[in-house]
Every structure is written in structure tokens, then in C-alpha cells.
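What follows is one structure encoded as C-alpha cells, with my remarks underneath.
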Amino acid sequence: MQVLAATPYQHPRRSAMKASEEEHWTFSCRGTLGASLADAYDGVLQGLDRPDDALFPADFVKVSFLLQFLGYPPFRRAKSVQRVKRGAALPTLRSRVVECVAEAVALFIEQFAYVRPQGAGMVFGAGGVSLRDLYLLELHRYGRTLVPVIGFMPCADDSELSWQETHSGYVPALP
0 MQVLAATPYQ HPRRSAMKAS EEEHWTFSCR GTLGASLADA YDGVLQGLDR PDDALFPADF
60 VKVSFLLQFL GYPPFRRAKS VQRVKRGAAL PTLRSRVVEC VAEAVALFIE QFAYVRPQGA
120 GMVFGAGGVS LRDLYLLELH RYGRTLVPVI GFMPCADDSE LSWQETHSGY VPALP
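Every letter in the sequence shown is one number past the one before it in numbering that gives the first Met the number 0, and letter 146, counting from 1, is 145.
What follows is the structure in C-alpha cells.
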């Protein structure tokens, strides 16, 4: 699996942040690194390790997902992550966070499906990388901003992608 190249993120308040405001998690399914974003988007997170672990306290109502793939402008998506049961707020679970990341990445792919990346970025959408090729490997939290680390592994039936590797990833096969 290859990690998608991303622009490094520097939170504007990072030097003033408390240690409790900065966290890092890894995601895996059945002991293998990575959680399928296509499965998460479809609501079928079978095999996610520790799906019921709480990542955020109950007072986290909204978080902002930030995607900064190489060759594309930064993409932010605010998402409500709070769960409520009988009027009481509940902590946000790992499974819910993976689903929210999948929704944010799906919106990114939809928005940039017909945009050519600047430089050597990967092509998303038709004829390029789709949600089924992507996996959530890690998630970094800076306050209420979440920055996912996304892995790429083309599906076996993905005939649109060639296995010719460039310095930044896989490229669409030429006709």
C-alpha cells in the first residue's frame, strides 16, 4: 500500500496547543493496517479493530476534516460527529470517525473528479483513483481539525489504472 502524497499541515495555533489537543491514531481491520473508505462509506465496517473505542469526548459537536493531497487546493469539510441517546451526548466512536472521513473523501473526489492536479498529483474520479482504492491509515487531531493519512491500493479489477509508478503515485493508463 502506498501513502498518498499530501502537503504537510501546520496548525496556526500548534505552538500554543495543550498536549491534550493533539492526538494521533492508526486504523486497521483484522490486524491489517488501513480501513477501507468504500466500505465505511457504504456503512459496512466489518473487521474494524476496536470500532467502539471512544476517540472524542461527548462535547465534540463538530470537527473539521482537512484533505491536502499533492497538486490540489486544501479541502475542508465540517462534520457533525456528536451522538445523542435519550438527550445525553455520547463520546464519538472510531467507527463513526471512519465513516465521516469516508464521506469527506467522497466529496473531495466528487468535487475534483474533472480537475487535473497541478504538478505530479494523482488523478481522482473517473479514470483515476476512486473511493474503493483508498484506505484510512492514520488520523491526526489538532484541536478540532482532523487530518487523515490516506493509503492507496488499486483494486484488482481496476483496469483504468496502470501499475507504472511515478514519484508521486499511480497514473491513469493511456488508451
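Virtual Cβ for every residue (Gly too), placed ideally from N, Cα, C. Values in this document were obtained by computation on a predicted structure and should not be read as measured data.
Hey, could you find the ends of the alpha helix (DSSP H) L36 is sitting in? L36 to Y40
Helix, strand or coil for Q163 per DSSP? Bear in mind that a pLDDT of 35 at Q163, under 50, signals an unreliable position, so the number given afterwards is only what the model happens to contain. Three-state result, Q163: strand.
Length of the line joining the Cα atoms of A105 and R29: Distance from the CA of A105 to the CA of R29, rounded to the nearest whole angstrom, comes to 24 angstroms.
Could you pull out every residue in the same chain whose Cβ sits closer than 6 angstroms to the Cβ of F26, ignoring the five residues on either side in sequence? A34 and L135
Delimiting residues of the alpha helix (DSSP H) encompassing A101: Annotation for A101: the continuous alpha helix (DSSP H) segment containing it runs R93 to Q110.
Would you kindly report the start and end of the unbroken beta strand (DSSP E) that includes S79? F74 to S79
Simplified DSSP state of R82, which is helix, strand or coil: In the structure shown, R82 falls within a strand segment according to DSSP collapsed to helix, strand and coil.
If we ignore side chains and look at the alpha-carbon of each, how far apart do D132 and M121 end up? 12 angstroms
Does the pairing of the stretch 95 to 104 with the stretch 37 to 49 give three or more beta-carbon distances under 8 angstroms? yes
Among E137, P72 and F59, which one has its Cα closest to the Cα of V80? Ranking the options by Cα distance to V80, first place goes to F59.
Nearest-angstrom Cβ-Cβ length linking F123 and F74, presumed shorter than 8 angstroms: Incorrect: roughly 11 angstroms between the Cβ atoms, too far for contact.
According to DSSP, is S63 part of a helix, a strand, or is it coil? strand
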